[in-house]
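Participant: The numbering of the sequence shown is the numbering used here, which starts it at -4 and goes up by one. In this text, a Cβ means the ideal position worked out from N, Cα and C, and glycines have one as well.
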Amino acid sequence: MALKVELKPGERIIVGDSIITNDNQRTRLFIEGQAPILREKDILTPATADSPAKRIYLAVQLMYLSKDIEKIEDNYFSLVNDIVQAAPSTIPYVTKISNSILAGAFYKALKEAKKLIEYERTLIGHVQAGSTSVPEDKPGSGFPEGA
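1) Evaluate the contact criterion for the stretch 43 to 52 versus the stretch 24 to 32: three or more CB pairs, one atom per stretch, below 8 Å.
2) Per DSSP, which residues does Arg34 bridge with? Please list them.
3) For Arg21, does the three-state DSSP call read helix, strand or coil?
4) Would the beta-carbon of Ser93 fall within 7 Å of that of Lys103?
5) Is the stretch 102 to 120 touching the stretch 54 to 61, taking contact as three or more C-beta pairs under 8 Å?
6) Indicate whether Ala54 and Ile67 have their beta-carbon atoms separated by less than 7 Å.
7) Comparing alpha-carbon positions, which option in Val10, Pro4 and Glu6 lies nearest Leu(-2)?
8) Let me know the secondary structure DSSP gives Lys(-1) once reduced to three states.
9) Tell me the DSSP bridge mates of Ile26?
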């Protein structure tokens, strides 16, 4: 079954190791095969990876798009170690990301890394608001159990 992707005018998409830029009208593509695919809204660059969680996402993104993940793994584990030491409450997120990577499910790992970015935003928001603690897990709080 083909993946259906609709692109806005000027939107870009990565398919395998190629970047495709849409022209000036909406386009619908049907993509078949096993190449990694990322829409522009899901792509981070080194310049936009401006936080620890975003750098982890970038490392996972590079693993997803690369044929040689071993070079990236060392950097990923170093970044994970740093974020867990700074914020131990990130362990449930990092565990899900790492388990997905170990299973070879890199796209799923990217989705989990997006959740880590959101959690990091929440933590930073609490710090900026002067809160001394993160709220307990409550339905709809956005925090995983045990965080």
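Facilitator: From the atom records:
1) Judged by Cβ distances under 8 Å, the stretch 43 to 52 makes no contact with the stretch 24 to 32, as fewer than three pairs qualify.
2) According to DSSP, Arg34 bridges with Ile8.
3) The answer is coil: DSSP assigns Arg21 none of H, G, I, E or B.
4) Not a contact, by the Cβ cut-off of 7 Å.
5) Taking one beta carbon from each stretch, the stretch 102 to 120 and the stretch 54 to 61 have 3 or more pairs nearer than 8 Å; the two touch.
6) Yes, the pair counts as a contact, with Cβ atoms nearer than the cut-off.
7) In terms of Cα proximity to Leu(-2), the closest of Val10, Pro4 and Glu6 is Val10.
8) Strand at Lys(-1).
9) Residue pairing for Ile26: DSSP places it in a beta bridge opposite Leu(-2).
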